[in-house]
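For our numbering, add 1 to where a residue sits in the sequence shown, where the first one is 1. Working notes for the structure below.
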Amino acid sequence: MPRRTPRTTLDRLRTPRRFPKFLKAASICVLIAGLLSPLSQAAAADTSTTAAANDYCGGQCSDILPPGENGNATLAQILLNQAFGTQPDHAEDQLAPYGNLPSGASTLTDAKINTFFNDASFGVASDQVASTTKPRTDVTIVRDKKTGVPHITGTTRYGTEYGAGYAAAQDRLWLMDVFRHVGRGQLTTFAGGAASNQGLEQEFWRNAPYTEADLQAQIDNAIAGNGERGQQALADANAYLDGINAYIDASDGGRYFPGEYVLTGHKDSVTNAGTIDHFKLTDLVALASVIGALFGSGGGGEVNNALSLLAAQSKYGVTEGTKIWESFRERNDPEAVLTVHNGESFPYAAKPDSPQGEALPDAGSVTQEQLVYDRTGSAATSTATSASATAATTSLTSAKRGMSNALVVSGKHTAGGHPIAVFGPQTGYFAPQLLMLQEIQGPGISARGASFAGLSMYVELGRGQDYSWSATTSGQDIIDTYAVELCQDDYHYLYHGTCTAMDKVEQTNSWKPTVADGTAAGSYRMQVYRTKYGPVEYRATIGGKKVAYTTLRSSFLHEADSIIGFQMLNDPDYVKNPATFQSAVQHINYTFNWFYADSSHTAYYNSGDNPVRATGVDAEFPVWARSAYEWKNWNPTTNTADYTAASAHPNSIDQDYYISWNNKQAKGYTTASWGDGSVHRGNLLEDRVKKLVAAGGVTRSSLVKAMADAALADLRAEDVLPDLLKVVNSSTVTDSTAAAAVSKLSAWVTAGAKRTETSSGSHTYADADAIRILDAWWPLLVKAEFEPGLGSDLYTAFGNNLPIDESPSAAHGPTGSHAGSSFQYGWWSYVDKDIRAVLGESVQGGLSQKYCGGGSLSACRDTLISTLKEAAGKTASDVYPGDDQCSAGDQWCADSIVQRTLGGIKHGKISWQNRPTYQQVVEYTSHR
C-alpha cells in the first residue's frame, strides 16, 4: 500500500515504543531531543502548478477556516502540545489571521484582505509547493506552504475521489472516526464516557436511531432513484473510501496514525497491537445524519408549542389566550427582516383558517420519553444525568442552532461592476475543525472549498471555476408531531385502524478509563420506540386516553439523498449560471438557504423537502396520527410524500443585495423556530449592507468591514437599548446608582455598542462596565417586564419556546459556551415592540397588550430603573461566574472563543466575534 510523503519531520515519528506514563518530564525531554535531531524535509513537487487556466476569479477569491488544515497529530505531537504548547505544522496557522480581523478591519483595503484570509485561487504556484503525494498513479495531492491545504488533481474519476479520501484521512482521520461513532450512538464506547460524550451521542441518536439496515437502505434508495448520477455517486463514494482505508493501512504500518488511538486504548504504543477499523459506505450515512441533524433539519417543538398555548388559554381563556400566543409566536411579523425583500411572498406553514386534527394534551399529562436505561457506574452520576437532560432539551426544541451568515451584493452596486459575496457557515469552533479545506480537480469535478470531514468526496461549500456558493441554516418546518393512539399496552398503537407493535431500537454502550478520558467505568442502554410516524418523543393523555407523541421528519431515512446536489455543485458542466445553481441545490433536502455569485449574477434558493400537509393541519401543533392528517401521498415504508414545488420555495435572482443570518426568508414563509420579529441579528447585516448599497461603489473590503462590524455588535445594545434608555430618561434620573449606569450605557451606545477590546490583545473590553451592566440587566428586565402580566406559568412556557437571552458568554446548544455565535435567539423583539408601544410609537404586528408597567410609562420606568439598579450592583464575578476555561469575573474570557478539543491538540483562545467559521470573500472578474 503506498505511504504518504510526510508533511513535516514530526510526521515521520512513529508511535513511541516506550511510553509508560502520560506526561513524565524525563521522557518528554528525551522525546524533545529526538524531535530536534535534523531530518530531511519532504520533497517538493516536481510537477509544479501555475495559475490555473480554469480559474475565472482573477485572484479575488479568498477563504479562511480556523484553526488550521492539519487535524491529525501523532502521539509525539500530542505530547509536545500538552507539555509545551507546540503545534504541528498547519494545525493553527489560520487561527491568528481569523482572530485578528476585528482589530484590523477598520483599516482594511482590498490589498490587505489576504492578511486575514487565504488566497483561494485554483492551484499552487511552483514556489509555494510544500509537498507532493501520489497515493496512486492517477492522482496527485499537492500541499501549499502557507496553509497545507490539499490540492487534489486526478486524471481519472476514480483516482480523483481516491485522492480526496486519502487527503481527508491525512487531515481528519481521528475526527472522522469520532463522528461515525456519534452517528451510530456509540461515541462513549469509542472515545470514553465523559458526560459531554454521553450527552452528544444521546442528542443525535434520539433523532436518528438508525440500524445498520436503515443506513444501507438509505444508500440503496439514493442510488436507485437518481439514475446515472446515483451510480456515479456510488462509484465516487467507494473510491473515496478506498483512499481513506489506504491511508489507514499506510499510517498503521508506518506508525504515524493519530495519537488519540493510543490514548483511548485502541492501539498499543509498544507493540502496535490493535486496529483502526476501515470505513464503509454506511459510515458516510452515519456521518451525514449528524451533520443533517445539527445544521439542516428545521422544525419540531410542537409539544412545547401546545404547552404554551394551553398555559395562555388557561390564564386568559381560549380566545384571548390564543390571541396572546399568536402575538408572541410572530409567525409572519411585518417588521421582520427578510432575505427576499422585493415584496414577493412564498406562503408556507401558515395558520389555517379552520385548524383540523389538532391533538393537544391534557394539562399536566406530558412526560418526555425516557431514552437511557440501566445506568451503571459513572453513567449514574448527577453530572451524567444532567448531560442527558440537556441533550434531550436540545434535540427536541424548535430553536435549532442555525448559525451562518451571508452578505451578497449585485454588481450594479459594486465599484468593479461584478457581484461581491462574503459568506460562510458558523459551525462552531473545534480542534480539529468539523470542516476541512481542499481543492479537487478531475473529470467532472472542479472546486475548492470546505467539506465536513468524512464527507469530502465533494466540496460542499466553496467555489467552482467561475462561481461561488454558500449556505445558511434556514429552519423551515419539515418536522411534524403526531399523536398515536395506544392500544393493547404502551407499546402498540393504532395505524389506520390496526393495532400495530412499535419497533424497539436499542444501543448498549460501556466504557472504562483511558489516558485520554479518565471517566470511571460505566454503561447504559439507549432505547427508542419507532412507529410509522417516527420515533416516540413524549407520552401524554388526551381526553384521559393515553397517547404517544412521535416526530416525523421529511429527511428521516433520507440523509444520503443530498449527495446528488453536492455532486452537481462540483460539476463545471452542470453549474453554469444562476438557474443551474438553483437546480442543483433543489436536490439537497437539508433546510438551508443557498447563495450564489459569479461575475455577472447573484442568486438565492431555500432548499429542503417541505411536505405538503393535509388541508387544515396547523404545523405548529401536534395532530392525530390518522390518514386524514398525514402528508399528501405519504408512504410510511419509504418515508416519502409530496413536497412543495421548487417555485414555492423562497428564491431569487439578481436582487440588489441579499443578507441572511438565520432570519426569515420571505413574506409568508413561516419558520419553525420562534423569534422572527422586529429585532433579529439579521438586522445587524441588513442595516449595514443596505447603507453600503445606497452609497454605491461597494468593494470586497467594505463588505468584509460590514460583516466584521456586525460581528462585534451587541444586538440588544444596538437595537433595543436606545428605546429602553428613552423610557428611563423620560424624566430625570435622580438615583445616583441608576444615573451612573445610564451614563455608562449611553456612552457605550454612542461609541457603537460593540464588544471590543481596548486595544488588540488587551483582553479587556472598552466600555466593560456598560457591557457587564447590560449582561446582568437583560434577564432581570425581561422578567420584570413580562412575568407580572403573563403570570409565572405562561412566562416559563414561553421561555421554553424561545430562550430569554443568548449573549456571547452563554451556552450555545451542542457546541457549548465559548462558541462565538450569539444573539440568534432571545426576547429582543418582544422587548422592542412592548417598549415602543409604551412610548406611544407606531408598532406593526405588536403584542396583544402592553406589559411593561401594565402599559404605564411611569410604572414601566420604575420597573426598568429598579432592575437597572440591581444589575449595576452585580459584580463581574456575579455576572461571569467562571467555568472550565475562565476564572470568575474575567469578562473577556467569558466571551472568548475556544476551539473545543475533539482530539489531543489544544489551541489558545481568541477574542469574541459573531462570524462564520469558514468564510469566503469573492468577486469574479470573468465567466466561461
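Backbone N, C-alpha and C fix where the C-beta goes; we use that ideal spot for every residue, glycine too.
| Check | Outcome |
| --- | --- |
| Quick one: measure Cβ to Cβ for G476 and S674, integer angstroms, because I've assumed they're closer than 8 Å. | 5 Å |
| If you draw a straight line from the C-alpha of L456 to the C-alpha of L81, how long is it? | 30 Å |
| When DSSP builds the beta bridges, which residues end up paired with H1? | Because the chain is modelled from 2 through 929, residue 1 falls outside the range shown and cannot be assessed. |
| Could you give the first and the last residue of the continuous alpha helix (DSSP H) run that contains R173? | 158-184 |
| Please classify T9: does DSSP put it in a helix, a strand, or coil? | Residue placement at T9 cannot be trusted, given a pLDDT of 33 that sits under 50; what the coordinates show is reported in the next sentence. Here T9 sits in coil by DSSP. |
| Comparing alpha-carbon positions, which option in G149, T138, K147 lies nearest G155? | T138 |
| So W470 is in the beta strand (DSSP E); what residue range does that whole segment cover? | 469-474 |
| Rounded to whole angstroms, what is the Cα-Cα separation between S717 and W779? | Rather than Ser, the amino acid found at residue 717 in this sequence is Arg. Their backbone Cα atoms lie some 9 Å apart in a straight line. |
| Considering Cα atoms alone, identify which of Y159, R158, N119 is closest to D933. | Residue 933 is absent from the structure shown; the chain starts at 2 and stops at 929. |
| Taking 8 Å as the threshold (C-beta atoms), are F593 and V409 in contact? | no |
| Ordered along the chain, which non-local residues of its own chain (more than five positions away) have a Cβ less than 7 Å from that of G193? | T265, W512, T515, A517, D518, T520 |
| Which one or two residues does DSSP pair with K668 in a beta bridge? | S346 |
| Rounded to whole angstroms, what is the Cα-Cα separation between W470 and R464? | 6 Å |
| For L76, name the three-state secondary structure that DSSP assigns. | helix |
| Is the stretch 359-370 in contact with the stretch 310-327, if contact means three or more CB pairs nearer than 8 Å? | yes |
| On a CA-only basis, which of P67, S830, F622, T672 is nearest V721? Give me that one, please. | S830 |
| Restricting to Cα atoms, I'd like to know which of M527, E331, T190 is closest to R207. | M527 |
| Let me know if A580 comes out buried or exposed under the rule of 16 or more other beta-carbons within 10 Å of its beta-carbon. | exposed |
| Based on Cα-Cα distance, which residue from N306, A385, T110, Y349 lies nearest to S703? | T110 |
| Between L242 and F280, is the Cβ-Cβ spacing less than 8 Å? | yes |
| Indicate whether the contact test is met: 3 or more Cβ pairs, each with one atom in the stretch 616-630 and one in the stretch 341-360, closer than 8 Å. | yes |
| Which residue's Cα is closest to the Cα of G443: H497, V319, P573, T377? | P573 |
| How far does the beta strand (DSSP E) with A484 in it extend, from its first residue to its last? | 480-488 |
| Can you tell me whether T323 is helix, strand or coil according to DSSP? | helix |
| Is there contact here, the stretch 552-570 with the stretch 382-389, by at least three beta-carbon pairs under 8 Å? | no |
| Quick check on the burial criterion: 16 or more other C-beta atoms within 10 angstroms. Buried or exposed for Q42? | Confidence is the limiting factor: at Q42 the pLDDT is only 28, short of 50, which leaves the residue's position unreliable and the question unanswerable from this model. |
| If you draw a straight line from the C-alpha of E560 to the C-alpha of T638, how long is it? | 16 Å |
| Per DSSP, which residues does L495 bridge with? Please list them. | C500 |
| Just the Cα atoms here: how many angstroms apart are Q508 and S648? | 42 Å |
| By the DSSP assignment, the alpha helix (DSSP H) with V832 in it spans what residues? | 829-839 |
| Which same chain residues, not among the five before or five after Y644, have their C-beta less than 8 Å away from its C-beta? | S555, D610, N611, P612, V613 |
| Determine, using beta-carbon pairs with one atom in the stretch 326-346 and one in the stretch 835-849, whether at least three such pairs fall under 8 Å. | yes |
| Less than 8 Å between the beta carbons of N634 and L558, yes or no? | no |
| Who are N607's beta bridge partners in DSSP? | N594 |
| Considering only their Cβ atoms, is the gap separating V130 from V143 smaller than 8 Å? | yes |
| Based on Cα-Cα distance, which residue from Q886, L781, Y826, Q95 lies nearest to G678? | Y826 |
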